[in-house]
Amino acid sequence: MEVFECRGCGNALTAPLSRVPYPAYAGLHYGNGYPMPVLMESGTYAVEEHPAWAARSIVIAPGDAYGTALVQRRENGACCGIDGRNGPNVTCAGCGRKVATRVDACSLWQATWLEPEAVRPATAGPARPVADWAALTRWWCAAELRDSGGRWAPRWEAELAVTLAHLVAAADGAPVTVPDGPLADAFRGPLADAFRAPCDRMLPPGYAAGRPARRAALAGPGLALPGPLPDIAVVPRHPQTGEPWPTPAGVAAAPLAVGYWTHLAHHGRHLAAPVTGRLPAQAERDDPLPPYAWCGVEPMWRAYQVTLEGLLGAGAGAGAP
Ligand SMILES: [Zn+2]
Numbered sequence: 002m003e004v005f006e007c008r009g010c011g012n013a014l015t016a017p018l019s020r021v022p023y024p025a026y027a028g029l030h031y032g033n034g035y036p037m038p039v040l041m042e043s044g045t046y047a048v049e050e051h052p053a054w055a056a057r058s059i060v061i062a063p064g065d066a067y068g069t070a071l072v073q074r075r076e077n078g079a080c081c082g083i084d085g086r087n088g089p090n091v092t093c094a095g096c097g098r099k100v101a102t103r104v105d106a107c108s109l110w111q112a113t114w115l116e117p118e119a120v121r122p123a124t125a126g127p128a129r130p131v132a133d134w135a136a137l138t139r140w141w142c143a144a145e146l147r148d149s150g151g152r153w154a155p156r157w158e159a160e161l162a163v164t165l166a167h168l169v170a171a172a173d174g175a176p177v178t179v180p181d182g183p184l185a186d187a188f189r190g191p192l193a194d195a196f197r198a199p200c201d202r203m204l205p206p207g208y209a210a211g212r213p214a215r216r217a218a219l220a221g222p223g224l225a226l227p228g229p230l231p232d233i234a235v236v237p238r239h240p241q242t243g244e245p246w247p248t249p250a251g252v253a254a255a256p257l258a259v260g261y262w263t264h265l266a267h268h269g270r271h272l273a274a275p276v277t278g279r280l281p282a283q284a285e286r287d288d289p290l291p292p293y294a295w296c297g298v299e300p301m302w303r304a305y306q307v308t309l310e311g312l313l314g315a316g317a318g319a320g321a322p
């Protein structure tokens with residue numbers, strides 16, 4: 002694990018953090034005026050390998066920043082909070098050097114972006130053990146994809162878009178079919194939207210609707226691939242290493258965030274929460290009830306495009322807006 006220190010005075014500026022893969026949607030806007038959740042899990046940080054905005058390439062959860070102070074100033078143009086448009090707005094409490102940019106305006110992921118030129122990593126103990134798949138799927142088995150109001154959470158609409166791009170890229174210019182079931186419930190509509198003509202979204206070069214479709218299926222821990230083998234397997238992505246669940250030769254992997262994957266794989270097996278009180282001790286029920294879905298899922302299309310560009314190579318796609 003690492004602690005980030007101030008280059009000016011050596012002050013520790015963060016809790017001990019473990020590096021995890023950089024979320025493809027980290028710097029992207031979501032919706033219009035939507036109050037956003039924290040991007041990074043507490044205790045983690047991510048580094049953009051090829052930052053478009055060089056000053057902002059190390060991202061942490063705001064609550065993991067220590068020994069810092071927020072610059073109190075008026076940020077013109079940000080309606081619900083600070084969006085960092087005026088540059089670094091967090092200083093080192095030890096020496097006053099500007100060390101980070103706190104972002105908390107609507108439609109932007111809650112995050113603190115460290116200034117690479119103002120901080121340095123220092124080793125702070127051994128790396129966190131890598132969780133095994135059984136522990137991960139157990140942790141995520143009761144994951145809900147919607148918020149308490151029944152609306153799809155931004156995290157999952159972003160992750161859906163990332164996996165959608167992997168599916169489209171893996172199909173290599175052909176349509177994609179998915180079997181009836183939870184995978185179809187999640188991806189059939191977004192796939193149709195991605196391939197719909199006239200298309201204002203990015204598609205792989207050479208895409209032709211008339212080509213033989215590639216078959217996709219869900220696979221991962223405790224869920225073997227069906228036979229005959231599909232062309233593409235939607236498999237969980239490890240949140241610490243970024244590695245997808247391994248697929249056999251000839252089957253391309255379309256990695257999906259493990260929380261979303263577990264939700265699909267445990268479809269129809271929602272775990273009930275035990276309760277106490279006037280109900281019999283052996284009784285179980287959901288409390289609160291699972292959120293009622295009042296609107297459909299809308300993939301975060303910008304995340305789809307950014308991911309597909311990365312998979313295909315910048316500028317290689319057709320139909321880009
Ligand atoms: Zn300092």
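Counting in our numbering, the sequence shown runs from 2 upward without gaps. All C-beta atoms, glycine included, are put in the ideal place defined by N, C-alpha and C.
query: Contact set for Pro-205: own chain, Cβ-Cβ below 7 Å, skip 5 residues either direction; result: Val-169, Ala-170, Asp-173, Gly-174, Leu-313, Gly-318
query: Tyr-31, enclosing alpha helix (DSSP H) - first and last residue; result: Counting along the chain, Tyr-31 falls outside any alpha helix (DSSP H), and DSSP gives it neither H nor E.
query: C-alpha gap between Gly-311 and Ala-166, whole angstroms; result: 10 Å
query: Val-48, DSSP secondary structure in three states; result: strand
query: Enclosing beta strand (DSSP E) for Val-104 [first to last residue]; result: 99-104
query: Asn-12 beta carbon near ligand 1 (any heavy atom closer than 8 Å); result: yes
query: Per DSSP, cross-strand counterpart(s) of Ala-253; result: Ile-233
query: DSSP three-state assignment for Trp-153, whether helix, strand or coil; result: strand
query: Assigned secondary structure, Gln-306 (DSSP; H/G/I helix, E/B strand, else coil); result: helix
query: Alpha-carbon spacing of Arg-20 relative to Arg-129, whole angstroms; result: 10 Å
query: For Ala-70, the residue or residues it bridges with in DSSP; result: Thr-92
query: Inter-stretch contact (C-beta, 8 Å, three-pair minimum) for the segment 24-38 and the segment 98-110; result: yes
query: Unbroken beta strand (DSSP E) run spanning Thr-138, endpoints; result: It is not in any beta strand (DSSP E) - Thr-138 instead sits in the alpha helix (DSSP H) that spans 134-141.
query: Range covered by the alpha helix (DSSP H) that runs through Trp-114; result: Premise fails: Trp-114 lies in the beta strand (DSSP E), 112-115, not in any alpha helix (DSSP H).
query: Ligand 1 heavy atom lying under 8 Å from the CB of Arg-98; result: yes
query: Bounding residues of the beta strand (DSSP E) (the contiguous stretch that carries Pro-130); result: Counting along the chain, Pro-130 falls outside any beta strand (DSSP E), and DSSP gives it neither H nor E.
query: Thr-263 beta carbon less than 9 Å from that of Leu-184; result: no
query: Ligand 1 heavy atom lying under 8 Å from the CB of Cys-80; result: no
query: Nearest to Cys-96 (by Cα), restricted to the options Pro-117, Ala-70, Trp-114; result: Ala-70
query: Residues that Arg-20 bridges to, as DSSP identifies them; result: Tyr-46
query: Glu-6 (DSSP reduced to helix, strand or coil); result: strand
query: Alpha-carbon to alpha-carbon, Gln-241 and Pro-36; result: 26 Å
query: Closest residue to Ser-43 among Tyr-67, Gly-221, Tyr-26, Trp-246 (Cα-Cα distance); result: Tyr-67
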